[in-house]
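The sequence shown maps to residues 3 to 230 in this note's numbering.
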Amino acid sequence: MTDEKAILAAKRRMMEAIRNDIRDTAGWTGLDHFSDRVMQAMETVPRHAFIEGIEPFYAYANRPAPIGHSQTISQPYMVALMTELLDLKTSDRVLEIGTGCGYQTAILAEIAAQVFSIEVIADLAAAARDRLDRLGYDQKVHVRHGDGFDGWPDQAPFDAIIVTAAPREIPEQLVHQLRVGGRLVIPLGRPRDTQMLYRIIRLENGKFNETGILPVAFVPMLPQNNDT
Numbered sequence: 003m004t005d006e007k008a009i010l011a012a013k014r015r016m017m018e019a020i021r022n023d024i025r026d027t028a029g030w031t032g033l034d035h036f037s038d039r040v041m042q043a044m045e046t047v048p049r050h051a052f053i054e055g056i057e058p059f060y061a062y063a064n065r066p067a068p069i070g071h072s073q074t075i076s077q078p079y080m081v082a083l084m085t086e087l088l089d090l091k092t093s094d095r096v097l098e099i100g101t102g103c104g105y106q107t108a109i110l111a112e113i114a115a116q117v118f119s120i121e122v123i124a125d126l127a128a129a130a131r132d133r134l135d136r137l138g139y140d141q142k143v144h145v146r147h148g149d150g151f152d153g154w155p156d157q158a159p160f161d162a163i164i165v166t167a168a169p170r171e172i173p174e175q176l177v178h179q180l181r182v183g184g185r186l187v188i189p190l191g192r193p194r195d196t197q198m199l200y201r202i203i204r205l206e207n208g209k210f211n212e213t214g215i216l217p218v219a220f221v222p223m224l225p226q227n228n229d230t
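Now the structure itself:
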């Protein structure tokens, strides 16, 4: 089997694994399927371009993988779920906290109009920016090294915000950078304790609607002064 055929076969297995996980977690999430636009984005983005040091077809396993600096690329199902919960439109402007290798960023860019992504680790930010540029996302994606707790205030408000590492509580700066009706998808909790994925919607009265989705396990969200 050629590398291209092996990658295509691995991608098909990944998509089937995502569909199986959607069914298995429907009791938690209330979702028995994901939108066509999310599933199409998962099929389109070449996951193997974001993970170095392994055979390309291994990149499509439905599990997290290390990307260096004690960080991981999320399980494909979790990437798809968090994207689905954002309920993105093609005109939306999205803030991503935790660029990592840029894979989730690319998935968002397949759907949304603009993605603004912040990475606390300088080397990861630089590598992700170069990778996303090479893959043709340079017109839609803006990556910078910085503190995700601060958000990106000069580009706010955002239609959606996604956080790909777990703070212990909701960062106040982030919720106030959501427009009314905007959605925040974020894992909360301490490392090695039970964490919960939340979907938070900003309401017109200045309040927020918080919904717990399902238990998860994410690396901790770090402030910039802990950059390594």
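We treat Cβ as the ideally placed atom computed from N, Cα and C, and that holds for glycine.
Keep in mind the model is a prediction, meaning the values are calculated, not measured.
Separation of residue j from residue i, as counted between CA atoms
i, j, result
"Q42", "E86", "12 Å"
"L10", "L205", "43 Å"
"P58", "P225", "32 Å"
"G153", "T166", "13 Å"
"D132", "P169", "27 Å"
"V47", "M16", "12 Å"
"A28", "E98", "25 Å"
"I113", "F36", "14 Å"
"V218", "C103", "20 Å"
"R25", "P78", "15 Å"
"E212", "I172", "11 Å"
"G214", "E121", "25 Å"
When the options are compared against residue i, the one with the closest alpha-carbon
i, options, result
"I20", "G214, C103 and A63", "A63"
"D149", "A124, D5, A108 and Y60", "A124"
"L90", "V47, P189, T107 and R39", "R39"
"Q73", "K13, R185, T101 and A51", "T101"
"K142", "E171, I109, E121 and A127", "I109"
"N257", "A82, I75 and A51", "With the chain represented from 3 up to 230, any question about residue 257 goes unanswered, as that position is not in the structure."
"H178", "T196, L199 and I203", "I203"
"Y200", "L88, G70, V182 and R194", "L88"
Contact check, residue i vs residue j, beta carbons under 9 Å
i, j, result
"R95", "A8", "no"
"P2", "S76", "Here the chain has residues from 3 to 230 only, and residue 2 is not among them."
"I164", "M84", "yes"
Endpoints, the alpha helix (DSSP H) within which residue i is located
i, result
"A114", "Per DSSP, A114 belongs to no alpha helix (DSSP H) and is neither H nor E."
"Y200", "From DSSP, Y200 is part of no alpha helix (DSSP H) but of the beta strand (DSSP E) over Q197 to R204."
For residue i, the first and last residue of its enclosing beta strand (DSSP E)
i, result
"V165", "F160 to V165"
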